[in-house]
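Be aware that the sequence shown starts at 17, since it is given in our numbering, and climbs by one per residue. Quick reminder that beta carbons are idealized off the backbone N, C-alpha and C, glycines included. Reviewing the structure listed below.
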Amino acid sequence: MLLGFALVSMPLILALLDATAYMDQLTTQSQTAVEQAAEAARSSRVLMEQVTTMERLARQYLILGDDSLLVEYAKVRHSFKQTTSDMSLLPLSDTQLRELNRTIDKEQALFEQLGAGNANDTGRKQLIEGYIELSELANGVLKQSNRLIDREIEHMGAAARRAQRSLLWQFAASIPLGVLIATLFAFLIAKPIRQLDHAIRQLGSAEFATGIHVHGPADLVYLGQRLEWLRQRLIELEEQKTKFLHQVSHELKTPLTALREGSELLADGSSGALNRQQGEIAEILRHNSLRLQYLIEGLLGHQQALDSVSRLELRPVDIADIVREVAEEHKLAIAARKLNLNLSLTPSMLTADADKLRVVVDNLLSNALKYSPDGGTISFAVRTENDIILVEVDDAGPGIAAEDSERVFDWFFQGKLGHQGRIKGSGLGLAIAREIVLAHRGNIEVITNRGPGAHFRVSLPVLRTPGTA
């Protein structure tokens with residue numbers, strides 16, 4: 017999970033680092049551009065002032081002829097040359113360089129002409145015009161320097177836009193990449209979790225035959241190993257329980273047989289006549305010995321039913337045919353009770369254990385016969401809906417109390433409402449039916465919204481190979 021989180025966040029971290037680098041580069045570039053543009057503007061102003069000073073000194077020299085003015089002019093000219101040299105090192109455009117070079121060349125020509133000593137009016141006029149032209153050239157350099165600031169601002173704006181587009185593309189790419197990585201790790205983590213969930217359901221359904229294997233991260237694999245250990249322990253406990261039931265049943269049968277025989281002899285008077293009170297005691301002993309035998313046989317029947325359910329022999333069967341066969345077997349009981357059996361059967365094929373399904377159908381029909389009043393109606397329907405086979409049984413008996421709708425499938429449970437049968441039930445029929453249906457990956461339930469009587473529904477998958485318990 018930590019690796020997944022790290023990989024999911026990695027594209028965003030890279031994009032953030034790249035954005036930081038872009039911003040640092042843009043800041044440095046902006047700072048350099050501003051400094052260079054400011055230096056160019058400052059130098060251009062200084063150059064303009066120097067040209068103006070040289071023009072003034074040249075005019076004074078032409079009028080006064082004082083050589084000290086030439087000395088002063090030379091000092092200003094030296095500063096002028098230093099300024100132009102510094103400006104040439106700046107990142108000037110071709111136009112700016114041409115303007116600067118024209119200014120330098122013009123000043124050089126004027127200086128040479130001034131030093132030549134042309135004192136006539138024509139020479140003075142040419143010099144003055146030349147210095148006026150030099151001032152215009154210096155002013156042009158100043159304007160070009162101002163344009164340098166605009167150009168650098170434009171370059172910074174273009175660089176900022178490029179950085180923005182690059183970051184947008186990176187973030188746009190990092191989002192689906194992060195989602196893809198998150199989905200991949202979610203799948204890698206969800207798969208072993210589903211395996212764990214299946215294993216827990218498997219143990220909860222008492223399906224101990226299939227081993228538990230979980231593949232994935234180490235911690236989930238460890239949980240799978242602990243569940244496998246739990247499965248082995250449950251198998252051992254199940255075997256111990258089975259042995260215990262067989263041993264207890266066997267050990268109880270011997271004294272129970274003696275108890276029954278003794279109570280029967282007393283009740284029959286074989287050992288002598290009994291008075292009324294003694295007869296009642298003997299009858300109590302006989303009745304409770306029969307009940308104890310019934311309970312012991314119920315324990316054995318419960319274990320045999322579980323062992324039987326755990327072995328399925330699968331083949332294609334038509335459950336409608338099974339219902340017809342079971343109904344035929346109960347024909348005499350139905351006739352004796354004057355019951356009406358309505359069959360609504362649609363051919364419904366599925367892959368199942370025919371003998372086990374026969375037990376389910378027989379238990380449902382026997383339950384309906386037991387609780388239906390004489391002359392009542394029992395409905396048995398089989399149909400297919402959305403690849404699910406539905407088997408529904410309705411009777412006209414007292415029904416099932418709402419609080420018992422789930423408990424009727426528990427082992428040895430018997431409802432509070434009485435039945436019409438001659439023999440008391442064991443409370444195993446519906447429990448066995450549920451185990452068989454669950455082994456076929458189906459479901460059995462009580463329908464509570466159909467009015468009087470009991471209503472059961474069995475749902476089984478169509479032509480689907482079920483797993484064995």
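Query	Result
Whole-angstrom distance between Leu385 and Arg438, CA atom to CA atom	Annotation note: pLDDT 43 at Arg438 (below 50); position unreliable, coordinate value reported separately. So the two alpha carbons sit approximately 11 Å from each other.
Beta-carbon gap between Glu280 and Arg302 smaller than 8 Å	yes
N-terminal and C-terminal residue of the beta strand (DSSP E) that Glu451 is part of	Segment 445-455 is the alpha helix (DSSP H) holding Glu451; no beta strand (DSSP E) there.
As assigned by DSSP and simplified to three states, the class of Arg331	strand
Beta bridge counterpart(s) of Ala368 as assigned by DSSP	Arg331
Outcome for Asp82 when other beta-carbon atoms lying within 10 angstroms are tallied against a minimum of 16	exposed
Segment contact flag, the region 46-55 with the region 142-156, C-beta cutoff 8 Å, min 3 pairs	no
Alpha carbon of Gly295 to alpha carbon of Pro477, nearest angstrom	57 Å
CB-CB length for Leu158 against Arg61, believed under 8 Å	7 Å
Complete runs of the alpha helix (DSSP H) confined to the region 95-154 [at least 4 residues]	110-131
Same chain, Cβ closer than 7 Å to Gly445, five either side skipped, listed in chain order	Asn379, Ser382, Asn383
Alpha carbon of Ile120 to alpha carbon of Thr100, nearest angstrom	7 Å
Contacting residues, own chain, Cβ-Cβ under 8 Å from Ala31 (five flanking each side not counted)	Leu183, Gln186, Phe187, Ser190
Check whether Pro192 and Pro208 have beta carbons under 8 Å apart	no
Rounded separation between Ala397 and Ala417 - CA only	23 Å
Supposed close pair Leu282, Ala298 - CB separation, criterion 8 Å	4 Å
Alpha carbon of Ala22 to alpha carbon of Arg177, nearest angstrom	30 Å
Cβ pair Ala470, Ile460 closer than 8 Å	no
Extent of the continuous alpha helix (DSSP H) to which Ala352 belongs	347-352
Minimum C-alpha distance to Leu373 - residue among Gly285, Gln76, Asn465, Leu330	Leu330
Per-residue DSSP class, three states only, for Asn465	coil
Through-space distance from Leu73 to Glu88, alpha-carbon basis	8 Å
Same chain, Cβ closer than 8 Å to Arg276, five either side skipped, listed in chain order	Arg302, Ser305, Leu306, Gln309
Nearest-angstrom Cα separation, counted from Arg217 out to Ile197	30 Å
The beta strand (DSSP E) enclosing Asp411, as first and last residue numbers	Careful: Asp411 lies outside any beta strand (DSSP E) and carries neither H nor E.
Burial state of Glu115 (16 or more Cβ within 10 Å)	buried
Among Gly391, Ser46, Gly194, Arg210, nearest to Ala25 - alpha-carbon criterion	It should be noted that the sequence gives Ser, not Ala, for residue 25. If we check each option's Cα against that of Ser25, Gly194 comes out closest.
Pairwise C-alpha distance: Leu28 and Thr10	Because the chain is modelled from 17 through 485, residue 10 falls outside the range shown and cannot be assessed.
C-beta contact flag for Leu246 and Leu212 at 8 Å	no
CB of Leu361 within 8 Å of CB of Val339, strictly	yes
Proximity below 8 Å, CB of Met64 to CB of Ala154	yes
8 Å Cβ cutoff met for Val407 and Ile335	yes
Straight-line gap, Lys440 to Pro414 (C-alpha atoms, nearest Å)	Annotation note: pLDDT 48 at Lys440 (below 50); position unreliable, coordinate value reported separately. Cα to Cα, the separation comes out at about 16 Å.
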